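Quick note: the sequence shown uses the working numbering, first residue 977, plus one each step.
Below you'll find the structure, written out as structure tokens, and then a few comments.
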Amino acid sequence: MAAAGFDALAVFYPARVAYLTGFHHLPTERPVALVLGDGYCALVVPAVEKEHAESVPGVDRVDVYFEYPGTEHPLRRVQGALLDINASPARTAADHDGCVPRWGYRGPRLSDLTGLPVQDGEPLVEELRRVKSEAELRCIQLSCDWAARGHRRMQAAIRAGQTEMESYAPAELETLREMVAELPGWRPKGFGGSGLTAMFVGGRSTALPHGFVRGHGVQAGDVLVSGASAEIDGYLSELERTLIVGEPSPAQRAAFEAVTALQSRAIELLRPGRPVAEVELEVLRLAQELGHESHLRHHVGHSIGLEGHEAPFLDRGDEAVLEAGMVFTVEPGLYLPELGGFRH
């Protein structure tokens, strides 16, 4: 912070709070904030998070307010924490000018309370998050391992005539039981679910990049697009596969071969020093050669870590340059309305 010219940094975005402190919480309308000074760390939390926050090592102070909206707006506590460390308003930075609105939250901007515009502290934190440490990489690798185990079990359970949920729910549960048994002390840190996902969308719903499970049952000849992940100390992975129930048709086989060619091209290009924009542009050129440009609906991929989507993105408009230690999903997709979606 000192090198950036800041006396203090206020952090409101939940994943950034977790990254800097290890404090994972359920984001609601109740504000949570981290205030950092020179060798100082304070958390401002609602009473529902009191004991949780007080158990986090390395936090010098936990300032607890009772409830939102309360008779005093919780953001006043953040202002008070900044005053306690004598932070100059002109040298105060934040990742967001006040709490990130959700679930009906309303409140003042932090700059309204300090009387001066807050400095932009978001790049300071996000730059750290882009390149993963060895510990983070181990968590993500373990997440990949468990996601693959759950996916293999789910894939083996798929039967024509079953609904999607009948196929994947037992496999998820059995793999989750194994995680509990084989990882002593493991528990999901976030609030995104049980800690393990292995599921799929089937049929024409796959032609929508974010298609919903319809529950109409798996049919012979269906295209299935799966997704699997496991949470390890808050870190995630993303395993997606395209599956065909039974023997693929010539059109399905051609679409699958095209999308895997796009993915292979992207992976070949992932080398330190290359602009991420070049990766997508090269994939786009290949899609044009294959006659599939009109079937693209999203960029090639994104970084992943504490969140399912993080910066930088494998996108023609992203100015980032690839560095060793960055972690990406590589998932170009082709979406053909009469055939299905192909994302592998």
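A virtual CB, placed ideally from N, CA and C, is assigned to each residue, including glycine.
Quantities reported herein were computed from a predicted structural model and do not represent experimental measurements.
- Leu-1058 is a Cβ neighbour of Ala-986, given a cutoff of 8 Å.
- By alpha-carbon distance to Glu-1140, the top candidate from Gly-1178, Pro-1160, Arg-1106, Ala-1111 is Gly-1178.
- Every alpha helix (DSSP H) stretch that sits fully inside the segment 1090 to 1169 and reaches 4 residues is listed by chain position as 1098 to 1106, 1110 to 1133, 1140 to 1158.
- Going by DSSP, Val-1255 is part of the alpha helix (DSSP H) stretching over 1252 to 1265.
- Put simply, the segment 1152 to 1168 does not touch the segment 1095 to 1107. Fewer than three CB pairs are less than 8 Å apart.
- Spanning the alpha carbons of Tyr-1044 and Arg-1006 requires a straight line of approximately 5 Å.
- Annotation for Asp-1060: no beta strand (DSSP E) segment contains it, though the alpha helix (DSSP H) segment containing it runs 1051 to 1060.
- By the Cβ test, the segment 1206 to 1215 is in contact with the segment 1271 to 1287, since at least three Cβ pairs between them sit closer than 8 Å.
- With a beta-carbon spacing of about 11 Å, Ala-1063 and Leu-1092 fall beyond the 8 Å limit used to define contacts.
- Following the DSSP letters along the chain, one finds Ala-980 in no beta strand (DSSP E), marked with neither H nor E.
- Distance from the CA of Ser-1119 to the CA of His-1192, rounded to the nearest whole angstrom, comes to 30 Å.
- The beta carbons of Arg-992 and Asp-1060 sit no closer together than 8 Å.
- Excluding residues up to 5 positions away in sequence, Glu-1005 lie with their Cβ nearer than 8 Å to the Cβ of Gly-1080 in the same chain.
- DSSP assignment within the segment 1005 to 1087 yields the following whole alpha helix (DSSP H) runs of 4 residues or more, N-terminal first: 1026 to 1030, 1051 to 1060.
- Sorting Ala-1029, Phe-1318, Asp-1088 by C-alpha distance to the C-alpha of His-1186 places Phe-1318 at the top.
- Of the candidates Val-1201, Val-1008, Leu-1312, the residue whose Cα lies closest to the Cα of Arg-1217 is Val-1201.
- With the rule of 3 Cβ pairs closer than 8 Å, the segment 1225 to 1236 counts as touching the segment 1305 to 1315.
- As far as DSSP is concerned, Thr-1236 takes part in no beta bridge.
- Taken through DSSP and simplified to helix, strand or coil, Leu-1290 comes out as strand.
- Note that the C-beta distance between Tyr-1016 and Asp-1036 is below 8 Å.
- For Val-1201, the enclosing beta strand (DSSP E) starts and ends at 1199 to 1206.
- Following the DSSP letters along the chain, one finds Ala-991 in no beta strand (DSSP E) but inside the alpha helix (DSSP H) bounded by residues 990 to 997.
- In the DSSP assignment, Phe-1188 falls outside any beta strand (DSSP E) and carries neither an H nor an E.
- Straight-line spacing of the CA atoms in Leu-1172 and Thr-1090 works out to 43 Å.
- By the criterion of a C-beta distance shorter than 8 Å, Trp-1122 is surrounded in its chain by Thr-1151, Met-1155, Leu-1172, Ala-1206, Ile-1208, once the five residues flanking it on both sides are discounted.
- Looking at the DSSP output, Leu-1246 shares a beta bridge with no other residue.
- Excluding its 5 nearest sequence neighbours in each direction, His-1274 has C-beta neighbours in its own chain below 7 Å: Pro-1185, Gly-1309, listed in chain order.
- Following the DSSP letters along the chain, one finds Gly-1316 inside the beta strand (DSSP E) bounded by residues 1316 to 1319.
- DSSP places Ile-1220 in the uninterrupted beta strand (DSSP E) bounded by 1218 to 1220.
- Nearest to Arg-1052 by alpha-carbon distance, out of Pro-1022, Gln-1239, Ser-1031, Arg-1078, is Pro-1022.
- For Met-1302, there is no enclosing beta strand (DSSP E), since its DSSP letter is neither H nor E.
- Around the beta carbon of Thr-1182, a 10 Å sphere encloses 16 or more other beta carbons of the protein chains shown; the residue is thus reported as buried.
- In the displayed model, His-1271 falls within a helix according to three-state DSSP.
- Within the model, the alpha-carbon separation for Gln-1264 versus Gly-1301 is close to 31 Å.
- Where Ser-1279 is concerned, the enclosing beta strand (DSSP E) starts and stops at 1277 to 1279.
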